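Working notes, structure below.
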Amino acid sequence: MKKLEYSCGLGSVRPAWMQRFANTKCFMVVYSLLGTVQGMSYIYMSTTLTTLEKRFKIPSQTIGILMSGNEVSQVFLSLAMSYHGGRGNRPLWISWGVTFSAISCFILALPHLVYGPGKDAIALTEEFLDTTVLNSSIPKTNDRALLCSGNKTALAYCEEDVSSGEHSLMPLILIFFSQFVLGIGTTLFHSLGQTYLDDHTKKTNAPLLLGMVLSLRMLGPAAGFAFSSFCLSLYIDPTLTPVIKPTDPRWLGAWWLGWLVLGVLMLVFAFLISWFPRELPPKKKKLALNKVEKNKDRYQHCFDKSVNRSCVKVGVDSSTVLIWLETEAVSRLDVGNSCNMGCECDDLKYQPVCYREKDITFYSACHIGCNDTIHSKNGSTTSFTNCTCLPFTQDTTLSSGLSSSLTTQHPLYAKDLSAVMTNGPCPVDCTRILYTYILVGFFIQALSSSGRIGNVLVNFRCVKQKDKVFAQGLSLLLVSLFAFIPGPILFGAMIEHDTRQQCLWAGIPKTFLLADERRLLARRHKLKSLLCDV
-18 MKKLEYSCGL GSVRPAWMQR FANTKCFMVV YSLLGTVQGM SYIYMSTTLT
32 TLEKRFKIPS QTIGILMSGN EVSQVFLSLA MSYHGGRGNR PLWISWGVTF
82 SAISCFILAL PHLVYGPGKD AIALTEEFLD TTVLNSSIPK TNDRALLCSG
132 NKTALAYCEE DVSSGEHSLM PLILIFFSQF VLGIGTTLFH SLGQTYLDDH
182 TKKTNAPLLL GMVLSLRMLG PAAGFAFSSF CLSLYIDPTL TPVIKPTDPR
232 WLGAWWLGWL VLGVLMLVFA FLISWFPREL PPKKKKLALN KVEKNKDRYQ
282 HCFDKSVNRS CVKVGVDSST VLIWLETEAV SRLDVGNSCN MGCECDDLKY
332 QPVCYREKDI TFYSACHIGC NDTIHSKNGS TTSFTNCTCL PFTQDTTLSS
382 GLSSSLTTQH PLYAKDLSAV MTNGPCPVDC TRILYTYILV GFFIQALSSS
432 GRIGNVLVNF RCVKQKDKVF AQGLSLLLVS LFAFIPGPIL FGAMIEHDTR
482 QQCLWAGIPK TFLLADERRL LARRHKLKSL LCDV
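If you're matching positions, the sequence shown starts at -18 in the working numbering and goes up one per residue.
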């Protein structure tokens, strides 16, 4: 029985050549690479979340509730799983946990596999335009719906598309269930893996090995950003040819593709880690049990709250210095002003147009009173003209078509026959301030990570060895209950509150596309600073 406990393999399959891998170094490599993949999945979720919101018209606050499914499972199951997993074959339990994480990835891809890319995404492709050009009445109807005119059809409006999953409960259920399943895998991965590594390492070497594991795991976010960038650069249906660029706010990337890849990678590592033995072969000198829980002075020395909280506070508070990012120049045009009252623009979908002469992006051509369109060779609308509701101020340089068009009826808006509004938002160069922001964020993360190893070791050293796994599970429960569950809901509610423009249908808020980005960033970082001070 002891031989089976110390040998690599599954069941009765334990080949002799595999026993060379039954050591701490090999486990650390596999566990670290697995952590890298998990780190990729966390970042991939964060970066594709807005695409998921736009695709299924999910409010930000609802997304925050759905994301809490991860923590809900940890709150209810972490203690039980940690207790039983710590007394069983920990590598095998970790393998099952990673399998659950892989299943959660596949569940997240299901909404796309079931409902497809959606009608909005299909309508922005060359294939759709080629089909509609065959019917001469459809392009005309689309054009009139985008312009300032009455008798609009519903083609450009916020229609509920239940068949494509918009405003349907099923995508929400799948997202929440995927996060609930992910919480099971996360609990087993963290509570069992770190304690397994610590139990088979000299206490003097444990900080170094745990630091190496966490450092390799930190490569996951960097790889996750690159991977998500690649997936989102592809259109949501790679087989279609979009007529818009990835910089267009209406662009929907292939958010679902990454979950299939990450799920397969996790299954591979779940298989690898399951072959490790229940216990690694002991060294010649048995490690002594160090009951540090009796050493009160050492506990107080290691758990220096004031220093740790000060580092986090300084780092988070300093992030408010650069929150005023250069954001897209969005017009302050009131979408309900009297100038466009007869245009019937209230329920129009977000169709941004750029006034390149003034570098201003408007919500749609209808809202600035455009009456004519210019088409490309393939029949798609590329620009709008004859606009009657351009915002006007005293310091505005009047063009030839604008100088004689001001009226006493609408003194703040003017008609400019020569102005051309191009399809899509105005380009904005945020490269310099973006790199500065990333640099400051890197410095903040470095400071906040300085006490991470110490926090992990405090949990290990302040309890009996047999209780380490249970202590890890208890820590996950408390962090989930008081931080990770309310956090997404709180920030989601803040984002939804600060969003200025929304698409309406029958008076019900739909998807949010324009936000007051400066105000949102400021409130976000101020809230983070406040929470870290509490």
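Each residue gets a CB set at the ideal place from its N, CA and C atoms; glycine is no exception.
It should be emphasised that the depicted structure is a prediction, and the values quoted were computed from it without experimental measurement.
Beta-carbon contacts of residue i that lie in its chain and below 6 angstroms, excluding the five residues immediately before and after
i           : result
residue 237 : 90, 93
residue 213 : 234
residue 242 : none
residue 466 : 49, 52
residue 112 : none
residue 20  : 198, 201, 202
residue 454 : 59, 60, 63, 172
Own chain partners of residue i with C-beta closer than 7 angstroms, once the 5 adjacent residues on each side are dropped
i           : result
residue -2  : none
residue 350 : 129, 320, 321, 324, 368, 369, 370
residue 48  : 160, 469
residue 76  : 251, 254, 255
Residue i burial status per 10 Å Cβ neighbour count (16 or more: buried)
i           : result
residue 157 : buried
residue 198 : buried
residue 181 : buried
residue 274 : Low local confidence applies: a pLDDT of 43 at residue 274 is under 50, so the model's placement there is unreliable, and no value is given.
residue 411 : exposed
residue 16  : buried
residue 30  : buried
residue 190 : buried
residue 34  : buried
residue 247 : buried
residue 404 : buried
residue -9  : exposed
residue 11  : buried
residue 95  : exposed
residue 420 : exposed
residue 422 : exposed
residue 210 : exposed
residue 82  : buried
residue 417 : exposed
residue -6  : exposed
residue 185 : exposed
Whole-angstrom C-beta distance between residue j and residue i, which should lie under 8 angstroms
i           : j           : result
residue 230 : residue 40  : So it is not a contact: roughly 17 angstroms between Cβ atoms.
residue -11 : residue 232 : The Cβ separation is near 48 angstroms, so there is no contact.
residue 431 : residue 402 : With 8 angstroms as the limit, residue 431 and residue 402 do not qualify as a contact, their Cβ atoms being about 51 angstroms apart.
residue 464 : residue 45  : The pair is not a contact, with the Cβ atoms about 13 angstroms apart (cut-off 8 angstroms).
residue 223 : residue 3   : About 52 angstroms separates the two Cβ atoms, so there is no contact after all.
residue 7   : residue 244 : That pair is no contact at about 24 angstroms.
Residue i vs residue j beta-carbon contact at 9 angstroms
i           : j           : result
residue 52  : residue 456 : no
residue 354 : residue 127 : yes
residue 437 : residue 201 : no
residue 79  : residue 254 : yes
residue 206 : residue 24  : yes
residue 167 : residue 63  : no
residue 67  : residue 163 : no
residue 151 : residue 13  : no
residue 336 : residue 400 : yes
residue 428 : residue -13 : no
residue 450 : residue 71  : yes
residue 228 : residue 408 : yes
residue 187 : residue 173 : no
residue 36  : residue 102 : yes
Closest by C-alpha distance to residue i, when choosing among the options
i           : options            : result
residue 529 : 215, 413, 83       : In this structure the chain extends from -18 to 515, so residue 529 is not present and cannot be described.
residue 329 : 337, 242, 347      : 347
residue 88  : 178, 190, 161      : 161
residue 440 : 452, 189, 247      : 452
residue 426 : 449, 196, 228, 363 : 196
residue 446 : -13, 176, 70       : 176
residue 218 : 261, 100, 184, 193 : 100
residue 183 : 5, 42, 334         : 5
residue 331 : 38, 472, 73        : 38
residue 522 : 223, 173, 239, 259 : Shown here, the chain extends from -18 to 515; a query on residue 522 therefore has no answer.
residue 221 : 155, 20, 109, 208  : 109
residue 27  : 208, 244, 366      : 208
residue 448 : 42, 22, 20, 65     : 65
residue 84  : 9, 185, 22, 467    : 22
residue 73  : 326, 170, 155      : 170
Check: residue i C-beta below 8 angstroms from any heavy atom of the ligand ATP
i           : result
residue 239 : Ligands in the displayed structure: none, and consequently the ligand ATP is not present.
Same chain, Cβ closer than 8 angstroms to residue i, five either side skipped, listed in chain order
i           : result
residue 458 : 55, 56, 59, 60
residue -4  : -10
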